[in-house]
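Asker: Note that UniProt numbering numbers the sequence shown so that position 23 is 23, with each residue one more than the last.
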Amino acid sequence: WRTVDYWLSRAALNLRLVECVDLVGRTSEFARIFGIEFYHVLSRGSQYRVESLLLRSAHRANFLLVSPSVRQRASQLPPETIPLILEPMSGLYTDGPILVLDFQSLYPSIAIAYNYCYSTSLGRLSCISKGLDMHLFVSLWPS
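#1: Alpha carbon to alpha carbon, what distance is there between A12 and D22?
#2: Going by C-alpha distance, which of C20, T27, R73, W7 is nearest R49?
#3: How many Å lie between E19 and L77 at the Cα?
#4: Within 10 Å of its beta-carbon, does V41 have 16 or more other beta-carbons around it, so buried, or fewer, so exposed?
#5: For W1, report the span of its alpha helix (DSSP H) as first-last.
#6: Taking the continuous alpha helix (DSSP H) assigned at G45, which residues delimit it?
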């Protein structure tokens, strides 16, 4: 019975933790604000939430945001560059300060600093030189 008591106490502690941080209340409020499902608040990333807010704002302003079709996405060229991700070496660092980058806020900061936007992007130079029409990085092939 000791094992059962142990797991029951762990379950009770988990329930207390959920109550202390008001997980259900906060998650349901986020779902209401973002206009997404309860589970998606916990399982999807921030890009999904931002896109949901943009869709709701655009709808209120009588704008229609279109997404590329499956065929258009399939016809997209692969990315020209892929970010380099370096895994840190495990260990205790004692020889100096350590720099930690928060990429959740670093990418938007770079986009703002260099004015990266769909309206300021030319797309791929090879597509422009061929005369292909570019719309939000989805090339429309002449029929």
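Built from N, CA and C at the ideal position, the CB exists for glycine as well.
Answerer: This is what the structure gives:
#1: Working through the sequence shown from its first residue, we reach residue 22 at position 22. Working through the sequence shown from its first residue, we reach residue 12 at position 12. Take the alpha-carbon of D22 and the one of A12: they are about 15 Å apart.
#2: As a position in the sequence shown, residue 49 is number 49, starting the count at 1. For R49, the nearest C-alpha among the options comes from T27.
#3: For this step, residue 19 is matched to residue 19 along the sequence shown. For this step, residue 77 is matched to residue 77 along the sequence shown. If I take the Cα positions, the gap works out to 48 Å.
#4: Stepping through the sequence shown from its first residue, residue 41 is reached at position 41. So V41 counts as buried.
#5: Start at 1 with the first residue of the sequence shown, and residue 1 comes out as number 1. First-last for W1: undefined, no H or E at that position.
#6: For the purposes of this step, residue 45 is taken as residue 45 along the sequence shown, with counting starting at 1. Here G45 belongs to no alpha helix (DSSP H), and DSSP marks it neither H nor E.
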